[in-house]
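Q: Take a look at the following structure, please.
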Amino acid sequence: MTYVSRRHFLQTSGAIAAISTFPGLVRAQPAGVSADKVRLGLLHSLTGTFAIAEVAQVDAEKLAIEEINAAGGVLGRQIVPYLEDGASESPVFSEKAKVLLRRDKVVAIIGCYSSAHRKAVLPAVNQAKSLLYYPTYFEGQEQDKHCMYTSQEATQSVVAAVTWMARERGKKFFLVGSNYIYPVTCNKIAKSAIKSLGGTVLGEEYAPLGHTEFSSIINKIKEAKPDCIYSTVVGGSNVAFYKQLRAAGLDGSKITLLSTVVSENEVEGIGKDNAVGYHACMGYFQSLESSDNARFIKAFKDEYGQNRVIGDPMQCAYNSVYLWKNAVEKADSFEPAAVIAASAGLSIQAPEGTVRFDDENHHVWKKVRVGRAREDGQFDIEYETPDLVEPVPFPKL
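The opening position of the sequence shown corresponds to residue 1286 in the working numbering, with each subsequent residue numbered one higher.
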């Protein structure tokens, strides 16, 4: 596991300062930078299982690029996006990362949705000494010196969610998830937090990815009689899970179910009627009231249609472009090492509010919110953390 220490940041920052001190030194530009343009890679699934989420992220990234270009670009250069399709397959993501870095000479890549795809891309990014911005919530357990993590890692959402449920709804929990790394890791964090809060875990069940028959698990939930269900069931399985919970009499008015993987985009797939009354924990909800968010929503809908909804991963993708831009301008350089160094402690005022990179671990400090799904598919925000939540990618469990 590689990581960037405070010492490395200071050393790199010193090198940048030294160059600035001696104007006679000519700084070479990366190959993807010309006098008036800079190449930025976008790498997402435009086809396959993950396309439903990632196509929307691409839309948000393109909006940010258009805004930045309209305002004069980055260091006087217009951003030229180079888009590749990872096709929801790890080997394809790996190959397309090489295309972007070696053929297209992009100065950085924004992309990936699943951890498997991110891990497939990072070897090429590291070999090229380039930079990946990863805009999706994930399980943590990683800190790569060439990756900037712009959404919440697991402790930020899970601990806030469990703490809110224990305080507001009760301390008896049932944990349900899809059977892969994110739910398993989140449940480890949840169990540790529940124990520290004096709560009890009455059951922990996992279903295979794509599973659609939850009657056995639901029967166990009904028998256990928890106060709260913490769910990390993902993807299309949620359509069946939410429908079957309601059919069994466990709708949002009868029990508290909270998910850390269901945003407004997933609600559209689940069905608004099936999701109403259930909770989610995210850094961002479209219903957040602020002038920055209102401007973002208007710009996005004007560009892509008034019926489009905006979920947390889309907003984090949008933020990623601005976090890269601001780091480039702070460093006065497109060189990845300089951009990485300039990112330490860097903050932006995003649609969700202030987002700030940690001084050392490449993850962001941010607020976390709990929302309850409404009949229109939006969320009423019932809680937000009073302060920015520190990222702890390697928690002690």
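Virtual Cβ for every residue (Gly too), placed ideally from N, Cα, C.
Give every residue of the same chain whose Cβ lies closer than 8 Å to the Cβ of I1503, excluding the five residues on either side of it in the sequence, and list them in chain order.
A: Cβ within range, chain order: Q1529, L1530, A1533, L1535.
Q: Excluding the 5 residues preceding and the 5 following F1499 in the sequence, name in chain order all residues of the same chain whose CB lies nearer than 7 Å to its CB.
A: Within the same chain, F1499 has close Cβ partners A1492, A1525, F1526, Q1529.
Q: Going by alpha carbons, who is nearest to G1396 out of R1593, F1585, L1573, S1330?
A: Of the candidates R1593, F1585, L1573, S1330, the one whose C-alpha sits nearest the C-alpha of G1396 is S1330.
Q: Within the segment 1336-1403, note down every full beta strand (DSSP E) run reaching 3 residues or more, in order along the chain.
A: You should have 1363-1370, 1394-1396.
Q: Can you look up D1617 in the DSSP assignment and give me helix, strand or coil?
A: Coil, per DSSP.
Q: What residue range does the beta strand (DSSP E) around I1633 cover?
A: That run of the beta strand (DSSP E) goes 1632-1635.
Q: Anyone know if the C-beta pair for T1485 and F1458 falls short of 8 Å?
A: Yes, these two residues count as a Cβ contact at 8 Å.
Q: Tell me, please, which residues DSSP counts as bridged to R1324.
A: V1365.
Q: My understanding is that G1326 touches L1407, with C-beta atoms under 8 Å, so please give their C-beta distance in whole angstroms.
A: Contact flag wrong, Cβ pair sits at about 14 Å.
Q: Determine the contact status of M1599 and A1341, defining contact as a CB-CB distance below 8 Å.
A: Yes. Within cutoff.
Q: By Cβ distance below 6 Å, which residues in the same chain neighbour K1681 in space, the five residues on each side in sequence not counted?
A: None.
Q: Who pairs with T1541 in a beta bridge, going by DSSP?
A: Answer is C1513.
Q: Just verifying my parser: in three-state terms, what is the DSSP assignment at S1436?
A: The answer is coil: DSSP assigns S1436 none of H, G, I, E or B.
Q: Please list, in chain order, all residues of the same chain as H1293 whose beta carbon is under 7 Å from its beta carbon, the five residues on each side excluded.
A: Unreliable positioning characterises H1293 in this predicted model, as indicated by a pLDDT of 42, which lies under 50. A coordinate reading is not provided.
Q: What separation, rounded to the nearest whole angstrom, lies between the Cα atoms of N1578 and E1549?
A: Going from the Cα of N1578 to the Cα of E1549 covers about 15 Å.
Q: In the structure shown, what three-state DSSP assignment does D1644 receive?
A: The answer is coil: DSSP assigns D1644 none of H, G, I, E or B.
Q: When we look at the beta-carbon of T1497 and count the other beta-carbons within 10 Å, is it buried (16 or more) or exposed?
A: T1497 comes out exposed.
Q: Could you please give the first and the last residue of the uninterrupted beta strand (DSSP E) stretch that includes V1524?
A: V1524 -> not in any beta strand (DSSP E); alpha helix (DSSP H) instead, spanning 1522-1532.
Q: Is P1621 near K1414, with beta carbons less than 8 Å apart?
A: Yes, they are a contact pair.
Q: Quick one: is A1382 buried, meaning 16 or more other Cβ sit within 10 Å of its Cβ, or exposed?
A: Label assigned to A1382: buried.
Q: Taking 7 Å as the cut-off, does the CB of V1594 come closer than this to any heavy atom belonging to the ligand PLP?
A: As far as ligands go, the structure on display features none, and thus does not contain the ligand PLP.
Q: Around the Cβ of G1357, are there at least 16 other Cβ atoms within 10 angstroms (buried) or fewer (exposed)?
A: So G1357 counts as exposed.
Q: Assess, as a yes-or-no matter, whether the segment 1624-1631 is touched by the segment 1456-1472 under the definition of 3 or more beta carbon pairs within less than 8 Å.
A: They do not touch, by the three-pair rule.
Q: Enumerated in chain order, which unbroken segments of the alpha helix (DSSP H) with a length of 4 residues or greater are wholly contained in the segment 1418-1473?
A: Runs of the alpha helix (DSSP H) inside the segment 1418-1473: 1439-1453.
Q: Given this structure, state the Cα-to-Cα distance separating Y1563 from D1389, to the nearest angstrom.
A: Roughly 45 Å separates the two Cα atoms.
Q: Locate the alpha helix (DSSP H) running through R1580, then write down its first and last residues.
A: It spans 1576-1589 - the alpha helix (DSSP H) in which R1580 sits, taken as one unbroken run.
Q: With H, G and I counted as helix, E and B as strand and the rest as coil, what does DSSP make of K1681?
A: Reduced to three states, the DSSP call for K1681 is coil.
Q: Can you name, in chain order, every residue of its own chain whose Cβ lies under 7 Å from the Cβ of I1364, other than the five neighbours on each side?
A: Here the set comprises V1323, L1325, I1350, I1353, N1354, G1358.
Q: Please list, in chain order, all residues of the same chain as E1660 whose beta carbon is under 8 Å from its beta carbon, the five residues on each side excluded.
A: Closer than 8 Å at the Cβ level, and outside the excluded window around E1660, lie K1557, D1558, V1561.
Q: Note the first and the last residue of the continuous beta strand (DSSP E) segment covering E1669.
A: Segment 1664-1669, the beta strand (DSSP E) holding E1669.
Q: Hey, does L1416 have any beta-carbon neighbour from chain D nearer than 8 Å?
A: The structure shown contains no chain D; it holds only a single protein chain.
Q: What is the DSSP secondary structure of E1498, reduced to helix, strand or coil?
A: Here E1498 sits in coil by DSSP.
Q: Between I1582 and G1662, what straight-line distance do the alpha-carbon atoms span, to the nearest angstrom?
A: Between I1582 and G1662, the C-alpha separation is close to 16 Å.
Q: Spell out the partners DSSP gives K1651 in its beta bridges.
A: Answer by DSSP bridge pairing, in chain order: V1674.
Q: By DSSP, does Y1607 sit in helix, in strand, or in coil?
A: Note: Y1607 maps to helix in three-state DSSP.
Q: Within 10 angstroms of its Cβ, does A1320 collect 16 or more other Cβ (buried), or is it exposed?
A: Exposed: under 16 other Cβ atoms inside 10 Å.
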